[in-house]
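Protein chains in written order, with the numbering used here: chain A, 9 to 619; chain B, 10 to 164.
What follows is the structure in structure tokens.
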């Protein structure tokens with residue numbers, strides 16, 4: 009059965025293209041050229057990773073790099089050669105690094121994941137960079153039968169294990185494990201705890217001097233939100249034209265190149281549409297002669313880059329695509345060819361520092377913390393007594409509001425019910441947490457027993473966030489944290505209790521005596537209970553598994569896990585005490601929401617507050 | 010299939026692409042013809058430089074169609090001429106009138122997801138937008154079409 013409106017979509021199948029569409033296409037483009045269309049980010053990522061195979065072949069063909077310091081004078085005679093882009097492009101420095109590693113002074117260089125991570129720290133400017141090994145481009149798995157969802161690549165089963173079904177048909181299928189390949193690829197993330205899903209930087213590494221254990225690794229190329237117009241190992245001559253397409257809204261695109269101390273980049277920074285292009289003509293001058301190791305890069309950043317990312321200018325980078333090339337200097341201060349496009353260029357010299365996205369930790373009155381860009385405005389949302397509590401974090405383009413609802417004193421907070429739901433797992437994953445709702449993003453999580461609501465709005469672009477805002481949001485949401493509990497801690501009417509070792513326990517909580525049952529369905533807490541305000545003479549467990557209280561007059565009171573009560577003598581006439589929510593906090597500690605001093609009628613000697 | 014065998018791409022995916030653009034343009038077949046032809050022309054011109062020709066085709070075709078619609082005044086005033094291939098069907102005018110109540114992006118998203126059975130993420134990739142945006146398009150488009158065309162189940 010299909011809904012009527014959906015069935016009617018089939019009426020479109022009666023329409024067919026005109027017969028001459030393909031023939032017209034074969035005659036060539038006829039429209040004025042719009043900005044270059046993009047390939048979707050995910051496909052670009054896939055393509056970047058699929059380049060593993062290309063590089064493996066390239067390595068085999070070109071034999072790994074003994075870098076050319078004396079190239080041939082004409083690019084027609086230049087043999088394309090692979091160079092790493094980082095940590096060095098010179099063979100002497102790579103050999104020096106190998107020597108250091110051999111002597112235990114640079115062990116990181118022997119571990120490809122450490123090299124990738126260090127690239128993130130040193131080049132991308134991400135002190136907390138983390139990496140995830142990427143075996144292949146399959147970062148999707150099916151859900152609900154048909155809709156693939158993105159998952160961290162390291163969670164996918166590949167290389168002989170199951171291949172996710174229902175992949176879009178144009179995705180290439182894997183031909184086997186890439187584990188043994190000559191290159192290794194990693195997804196690089198700007199933080200150690202951020203969600204390992206969205207918009208990663210992809211880094212590809214290989215062993216430039218020799219392959220095998222004990223040989224250093226180097227970054228062959230990186231791929232971010234820019235497609236640059238050159239291929240790895242391509243020969244780029246003086247006067248050549250470079251171009252790149254960038255995919256990132258609201259961030260600054262820069263195209264540049266570097267070789268032999270020469271470094272140039274575009275200077276007409278602007279942030280605008282999701283897709284933008286940049287062009288740059290290569291002007292190598294006479295700093296060197298012949299073929300030299302070089303690189304072409306396309307960066308997306310939050311601030312204008314004052315220098316080449318490899319020269320320390322990457323501290324505001326959102327992403328970086330960088331490709332190793334062979335630059336051919338003619339040694340005569342050649343001018344760009346007449347056909348080279350005009351492009352404003354900025355000669356870039358290494359700059360010592362760059363403005364960064366500073367982060368500060370906000371601590372809420374309810375105990376949770378979150379990382380917030382320092383440039384943002386924080387508004388505390390505090391309601392006297394009951395109501396909305398939390399904070400709102402605001403920038404020019406996005407606001408993030410995190411709130412919880414509190415109840416009047418001695419009343420359970422909204423949403424608290426039996427059985428109580430456990431805290432969310434932290435760190436939170438923004439992509440999993442937030443859902444589109446009326447042009448905004450919204451989600452809920454639980455922490456310290458409280459239900460929190462997250463609302464994200466982007467007035468300038470409802471329903472869509474720029475790449476930079478997306479990255480910021482992911483870090484913010486991923487940074488939300490609560491303090492660990494200690495048994496006896498009390499927060500917001502929740503109290504931490506010890507995890508029982510028996511199925512039935514008598515416990516003291518905030519001056520009251522409670523029964524805690526461990527059942528197959530979770531914990532159940534009843535109380536408090538007393539012998540008319542007096543201490544009991546004994547607490548134990550009855551033979552049938554009930555909690556048993558014996559009073560000084562010999563009367564007893566019993567209660568089972570399901571709340572049934574009974575006993576003998578006067579105590580048996582007591583009303584059963586209430587059940588209180590017990591749940592598991594974010595750090596695994598059991599926490600209970602109770603009203604201290606609350607006694608059912610006839611069982612306690614203390615005043616009974618209204619629940 | 011060779012990823013750059015454009016004849017094969019046309020045979021396999023051309024009709025779906027064309028209908029997506031046809032829906033996007035509110036039933037203007039001349040816009041769909043022109044946009045799809047231009048998209049194929051550009052992908053052929055770029056050759057192997059395009060790593061994912063199908064995704065490229067969708068992006069170019071939507072872009073060209075969007076530009077053309079904007080040039081013509083964004084929306085058609087009336088339901089355009091319909092080429093009825095199957096003379097037994099007569100529901101298309103109603104569908105097109107209903108689709109006209111949706112935005113171009115909603116039309117394309119609804120067609121690709123609910124009729125061409127593409128996952129949301131793929132639709133987002135092909136349309137050059139985010140999954141979240143596509144979900145919004147789908148939600149609004151679905152509600153509108155259900156209101157206009159009915160939501161009762163049919164066999």
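Idealized CB from N, CA, C, for every residue including glycine. Remember, it's a predicted structure, so these values are computed and weren't measured experimentally.
DSSP state of residue i mapped onto helix, strand, coil
i: residue 2 (chain A); result: Since the displayed chain A opens at 9 and closes at 619, residue 2 (chain A) lies outside it and no answer follows.
i: residue 38 (chain A); result: coil
i: residue 21 (chain B); result: helix
i: residue 409 (chain A); result: strand
i: residue 523 (chain A); result: strand
i: residue 128 (chain A); result: helix
i: residue 454 (chain A); result: strand
i: residue 593 (chain A); result: coil
i: residue 546 (chain A); result: strand
i: residue 47 (chain B); result: helix
i: residue 335 (chain A); result: strand
i: residue 120 (chain A); result: helix
i: residue 414 (chain A); result: strand
i: residue 101 (chain A); result: helix
i: residue 122 (chain B); result: helix
i: residue 501 (chain A); result: coil
i: residue 22 (chain A); result: helix
Integer Cβ distance of residue i from residue j, believed to fall under 8 angstroms
i: residue 123 (chain B); j: residue 20 (chain A); result: Contact flag wrong, Cβ pair sits at about 11 angstroms.
i: residue 262 (chain A); j: residue 313 (chain A); result: 5 angstroms
i: residue 74 (chain B); j: residue 40 (chain B); result: 5 angstroms
i: residue 64 (chain B); j: residue 135 (chain B); result: 6 angstroms
i: residue 35 (chain B); j: residue 116 (chain B); result: 7 angstroms
i: residue 338 (chain A); j: residue 290 (chain A); result: That pair is no contact at about 11 angstroms.
i: residue 236 (chain A); j: residue 127 (chain A); result: Contact doesn't hold; Cβ gap of about 17 angstroms is too wide.
i: residue 531 (chain A); j: residue 523 (chain A); result: With 8 angstroms as the limit, residue 531 (chain A) and residue 523 (chain A) do not qualify as a contact, their Cβ atoms being about 11 angstroms apart.
i: residue 48 (chain B); j: residue 70 (chain B); result: 4 angstroms
i: residue 332 (chain A); j: residue 93 (chain A); result: 5 angstroms
From the options, residue whose alpha carbon lies closest to that of residue i
i: residue 251 (chain A); options: A:238, A:308, A:566; result: A:238
i: residue 107 (chain A); options: A:225, A:135, A:214, A:27; result: A:225
i: residue 66 (chain B); options: B:52, B:56, B:77; result: B:52
i: residue 516 (chain A); options: A:547, A:487, A:499, A:501; result: A:547
i: residue 106 (chain B); options: A:16, A:127, A:578, A:130; result: A:16
i: residue 428 (chain A); options: A:589, A:391, A:532, A:405; result: A:589
i: residue 458 (chain A); options: A:578, A:474, A:375; result: A:375
i: residue 437 (chain A); options: A:596, A:549, A:525, A:489; result: A:489
i: residue 465 (chain A); options: A:444, A:104, A:550; result: A:444
i: residue 484 (chain A); options: A:452, A:378, A:388, A:92; result: A:378
i: residue 502 (chain A); options: A:599, A:137, A:569; result: A:599
i: residue 268 (chain A); options: A:287, A:371, A:292, A:136; result: A:292
Cα-Cα separation between residue i and residue j, rounded to whole angstroms
i: residue 113 (chain B); j: residue 194 (chain A); result: 38 angstroms
i: residue 496 (chain A); j: residue 518 (chain A); result: 8 angstroms
i: residue 46 (chain B); j: residue 29 (chain A); result: 5 angstroms
i: residue 449 (chain A); j: residue 463 (chain A); result: 6 angstroms
i: residue 101 (chain A); j: residue 30 (chain B); result: 55 angstroms
i: residue 91 (chain B); j: residue 481 (chain A); result: At residue 91 (chain B) the pLDDT is 37, less than 50, meaning the model places this residue with poor confidence; the figure from the coordinates comes in the next sentence. So the two alpha carbons sit approximately 46 angstroms from each other.
i: residue 316 (chain A); j: residue 271 (chain A); result: 7 angstroms
i: residue 586 (chain A); j: residue 536 (chain A); result: 8 angstroms
i: residue 34 (chain A); j: residue 479 (chain A); result: 42 angstroms
i: residue 327 (chain A); j: residue 506 (chain A); result: 46 angstroms
i: residue 330 (chain A); j: residue 307 (chain A); result: 8 angstroms
i: residue 412 (chain A); j: residue 143 (chain B); result: 30 angstroms
i: residue 212 (chain A); j: residue 264 (chain A); result: 20 angstroms
i: residue 593 (chain A); j: residue 432 (chain A); result: 8 angstroms
i: residue 400 (chain A); j: residue 369 (chain A); result: 14 angstroms
i: residue 116 (chain A); j: residue 140 (chain B); result: 38 angstroms
i: residue 545 (chain A); j: residue 561 (chain A); result: 9 angstroms
i: residue 434 (chain A); j: residue 486 (chain A); result: 8 angstroms
i: residue 406 (chain A); j: residue 104 (chain A); result: 47 angstroms
i: residue 248 (chain A); j: residue 336 (chain A); result: 10 angstroms
Per-residue contacts from residue i into chain C (C-beta, under 9 angstroms)
i: residue 124 (chain B); result: No chain C is present in this structure, whose protein chains are A and B.
Interface positions of the segment 102-115 of chain B facing chain A (Cβ-Cβ less than 8 angstroms), listed along the chain: 103, 104, 107
Residues within the segment 231-253 of chain A neighbouring chain B, beta-carbon criterion of under 8 angstroms: none
Short-range partners of chain B found in the segment 14-26 of chain A, where Cβ spacing is below 9 angstroms: 14, 15, 16, 17, 18, 19, 20, 21, 22, 23, 24, 25, 26
Cβ-based contacts, 8 angstroms cut-off: residues of the segment 393-414 of chain A near chain B: none
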